[in-house]
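Chemist:
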Amino acid sequence: MKNLAVFFGGRSVEHDVSIITGTQLIENADASKYNIMPVYISRSGQWYAGEKLRDSKFFVHPDLEQKGIDKVFLPPTAGSRSLLRETRFGLKSVFDIDVAILAMHGMHGEDGTLQGLMELADIPYSSAGVTGSAAGMDKIVMKAAFQGLGFPVLDSVYFERGEYTRDPEEICGRVEQKLGYPVIVKPANLGSSIGISRADSREQLKDALDLAVSYDRRILVEKAVTDLMEINCAVLGMGADAKASLCEQPVTAKDVLDFSEKYLRGPGSKGMKSLARKIPAEISPEMTKRIQDLSLEAFKALDMKGVVRIDYIIDKATDTLYINEANTIPGSFAFYLFEPMGIPYKELIDTLVECALQRKAEKEKSNYAFDSEILKKVSSSGGTKMAK
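What follows is the structure, given as structure tokens:
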């Protein structure tokens, strides 16, 4: 039986969504295969572990000081693999981790930071690696990567908060000159459609930019497609064994699919499953195949693993496809896109664990040591000044 630590919460505006994703996974994991420890990361960045953290209802009015919940931390030392807590007599192991399931969304969890800690601690983990996670988190970097791969992307402008606060008129002029209206304004490092607005005039653009810079330091502005269809496709697995899901078509009456429509339309805490959607999407077999092929290509090029959902926009007026963004830890792990293919959530979780262990095995095949005479040379020369 494998020991799984499921991480959720975090210092992110997507904190609550992450709780749903994490507790959903715990509820659906095969108890005959896995011994699961919930690891909740608070809004202030404190880590807690305990069986009482399994239920999302606990977090409506959480009491993290009660008996049975431990405040824990994970040392970055390779090979330790233990969640530790402090006692009067020193450190005590709370849980030994075989595999970490990262159910984190947004900053400080989905952006490569937690992945980096897992790499240092030498713990197998479920998500894309540091590079893929960091690129997937930043919409500006991701767009540049997609463009470099030759994928179709929307025209855009990007800038930093400091540029906008110094000269908002110059930034607005830059947007108008390159893109015109309408445009979509996005914080570069947020997910769940938080902070995203459409602007059809300079007045609306300023309002949208004011909102975006309140959430993030980096801002992306894209040319809006007026008659669009949004399509999502997920990829599950790793390397040559990765498989694309069915395509889904989110249903919305708004210009921009926002947080409330993604998570609050349906009853209960169903996460992304509550979104109104058509599965499979009402697009041609040729377009479906193109989207699935692009998704697999992006997944492999950015060295991703586990489950990644890639979002697209179709300009219905011209039938032009644009790749929009990659979600390296999608809400609810996009299980609803694989269930119609005969892959139940339990099997998806098994695949996450297998991918984590397989990538760890691949990592161990690499040589991290190189014998050299450099230290002897420095010692014999009596100094440390050497040409680099």
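Per UniProt numbering: the sequence shown = residues 1 to 388. Just so you know, even glycine gets a beta-carbon here, dropped at the ideal spot from N, CA and C.
What residue range is occupied by the uninterrupted beta strand (DSSP E) comprising residue 70?
Modeler: 70–72
Chemist: Taking Cβ positions, are residue 306 and residue 233 nearer each other than 8 Å?
Modeler: Note that the C-beta distance between residue 306 and residue 233 is not below 8 Å.
Chemist: Would you please state the rounded distance, in angstroms, between the beta carbons of residue 105 and residue 342? I believe it to be under 8 Å.
Modeler: With a Cβ gap of about 27 Å, residue 105 and residue 342 do not count as contacting.
Chemist: If you check the beta carbons only, do residue 92 and residue 81 fall under 8 Å apart?
Modeler: no
Chemist: Here's the rule: buried if 16 or more other CB atoms are within 10 angstroms of the residue's CB, otherwise exposed. What is residue 324?
Modeler: buried
Chemist: Out of 52, 28 and 19, which one is the CA nearest neighbour of residue 42?
Modeler: 19
Chemist: Look up residue 379 in the DSSP assignment and say whether it is helix, strand or coil.
Modeler: helix
Chemist: Assuming residue 238 contacts residue 115 under a Cβ cut-off of 8 Å, what Cβ separation, rounded to an integer in Å, is found between them?
Modeler: Not a contact, Cβ separation roughly 15 Å.
Chemist: Taking buried to mean at least 16 other C-beta atoms within 10 Å of its own C-beta, is residue 308 buried or exposed?
Modeler: buried
Chemist: Mapping the DSSP letters down to three states, classify residue 302 as helix, strand or coil.
Modeler: coil
Chemist: Following the continuous beta strand (DSSP E) through residue 243, name the residue where it begins and the one where it ends.
Modeler: 243–250
Chemist: Any chance the stretch 11–28 sits against the stretch 95–105, with 3 or more Cβ pairs inside 8 Å?
Modeler: yes
Chemist: Entirely within the stretch 328–371 and at least 4 residues each: give me those alpha helix (DSSP H) ranges in chain order.
Modeler: Complete alpha helix (DSSP H) runs here, min 4: 345–364.
Chemist: Taking all protein chains shown into account, decide if residue 69 is buried (16 or more other Cβ within 10 angstroms of its Cβ) or exposed.
Modeler: Answer is buried; the Cβ neighbour count reaches 16.
Chemist: Report all residues from its chain with a CB closer than 8 Å to the CB of residue 146; omit the five preceding and five following residues, and keep chain order.
Modeler: 153, 298 and 323
Chemist: Can you give me the C-alpha to C-alpha distance between residue 219 and residue 373, rounded to a whole angstrom?
Modeler: 48 Å
Chemist: Buried or exposed for residue 40, please, with buried defined as at least 16 other CB atoms from any protein chain shown within 10 angstroms of its CB.
Modeler: buried
Chemist: Could you tell me which of 304, 67, 89 and 111 sits nearest to residue 12, measuring between CA atoms?
Modeler: 111
Chemist: Let me check one thing: in DSSP terms, what residues is residue 87 bridge-paired to?
Modeler: 90
Chemist: In three-state terms, what does DSSP make of residue 220?
Modeler: strand
Chemist: How big is the Cα-Cα spacing for residue 276 and residue 184?
Modeler: 22 Å
Chemist: Following the continuous beta strand (DSSP E) through residue 237, name the residue where it begins and the one where it ends.
Modeler: 228–238
Chemist: Which residue's Cα is closest to the Cα of residue 240: 198, 371, 301 and 75?
Modeler: 301
Chemist: Look at the alpha carbon of residue 87 and the alpha carbon of residue 136, and state the distance between them as a whole number of angstroms.
Modeler: About 39 Å.
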